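*Asks:*
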Amino acid sequence: MEKHLLSKSTFIRSTQCLKSLYLHKNRSYLRDRLSAEQLAKFKRGTDFGILAHQLFPGGINLQPKSPSQYKKAIIATSEIISTGNDSCIYEASFQSDQVLIILDVLERKNGKLYAYEVKSSKAISPTYLKDAALQYYVIQNSGLEIEDFSIIYMNENYDHVEGDENKIDLGQLFIIKSVLPEIYELQAFITEHLPKAKETLFLKHSPEIEIGPHCNSPYPCDFIGHCWKNIPKI
Ligand code: SF4
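Quick note on our numbering: the sequence shown kicks off at 140 and runs consecutively.
(1) Since Q155 and L309 are thought to touch, with beta carbons under 8 Å apart, how far apart are those beta carbons, to the nearest angstrom?
(2) Which same chain residues, not among the five before or five after W367, have their C-beta less than 8 Å away from its C-beta?
(3) The beta strand (DSSP E) with V318 in it runs from where to where?
(4) Could you pull out every residue in the same chain whose Cβ sits closer than 6 Å to the Cβ of Q274, ignoring the five residues on either side in sequence?
(5) Take the Cβ of Q311 as the centre, count every other Cβ of all protein chains shown within 10 Å, and call the residue buried at 16 or more, exposed below.
(6) Bridge partners of I228, per DSSP?
(7) Sort P265, Y292, Q234, D236 by Cα distance to V257 and report the nearest one.
(8) To the nearest angstrom, how far is it from the Cα of R166 to the Cα of L144?
(9) In terms of DSSP beta bridges, what is I240 paired with?
(10) Which residue marks the beginning of the beta strand (DSSP E) containing S379, and which one marks its end?
Structure (structure tokens):
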């Protein structure tokens with residue numbers, strides 16, 4: 140199996156700015172240090188994902204323990220699916236077209252595959268839809284048919300279980316929404332953008348992209364310190 144060139148996160152990075160992708164892969168030493176707030180946000184996202192696993196009890200966790208375990212995780216995912224039995228996999232790994240994705244939950248029910256991506260957010264953003272569209276693209280290209288693809292996110296009106304502050308009502312906390320129609324519409328974007336992202340990785344110099352509003356949207360870029368170094372702070 141050839142080594143992947145892109146992952147979900149690097150693909151999303153490339154959709155924000157190809158220069159950011161180039162710097163991430165080739166000049167990572169120029170990256171800004173992560174703030175405590177950003178680290179806490181990542182941790183919250185991981186915790187929320189693990190909590191969402193409880194919506195699918197009895198699943199097998201195939202989370203690769205390190206980057207060197209990706210190949211093993213892809214093979215293990217494929218082996219479980221190929222049994223044809225009903226099953227549930229947490230962190231199912233797939234690779235096709237030199238893109239690696241790790242899906243939060245893959246459920247097989249009555250012979251059909253259902254994909255779920257968990258986001259610790261109160262709404263589904265356009266970036267989440269691109270992320271889901273890429274995952275759908277990779278899974279379909281690896282020869283599997285996905286019956287439905289949903290994003291699981293946080294119910295902003297969730298209130299604690301009455302009488303027990305520590306108990307969590309999972310059915311109330313999470314909203315599960317199919318995004319298949321949106322994903323279909325984004326497939327053209329994925330196939331058009333992927334070659335551009337891959338080409339960027341092999342450029343001799345970083346692409347000439349001016350700074351602008353995209354440096355903070357949808358996420359604050361972690362190369363702002365480098366690209367904005369000559370811009371006076373107001
Ligand atoms: S700071 Fe702006 S221009 Fe520089 S890599 Fe990030 S998004 Fe691109």
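Just so you know, even glycine gets a beta-carbon here, dropped at the ideal spot from N, CA and C.
These numbers were taken from a predicted model, which means no experiment stands behind them.
*Replies:* The relevant details are as follows:
(1) The residue given as residue 155 occupies position 16 in the sequence shown. The residue given as residue 309 occupies position 170 in the sequence shown. Wrong, their Cβ atoms sit about 32 Å apart, outside the cutoff.
(2) The residue labelled residue 367 in the question sits at position 228 within the sequence shown. Cβ within range, chain order: I350, C354.
(3) Start at 1 with the first residue of the sequence shown, and residue 318 comes out as number 179. Here V318 belongs to no beta strand (DSSP E), and DSSP marks it neither H nor E.
(4) If you number the sequence shown from 1, residue 274 lands on position 135. Around Q274: I240, L242.
(5) As a working mapping, residue 311 is identified with position 172 in the sequence shown. Classification of Q311: exposed, given that the 10 Å Cβ count is below 16.
(6) If you number the sequence shown from 1, residue 228 lands on position 89. Bridge partners of I228: I199, L245.
(7) Numbered from its first residue, the sequence shown carries residue 257 at position 118. Here the closest residue by C-alpha is Y292.
(8) The count along the sequence shown starts at 1 and reaches residue 166 at position 27. The count along the sequence shown starts at 1 and reaches residue 144 at position 5. Roughly 16 Å between the two C-alpha positions.
(9) Here the question's residue 240 lines up with position 101 in the sequence shown. DSSP output for I240 lists F233 as bridge partner(s).
(10) Limits of the chain in this structure are 140 at one end and 373 at the other, which puts residue 379 out of reach.
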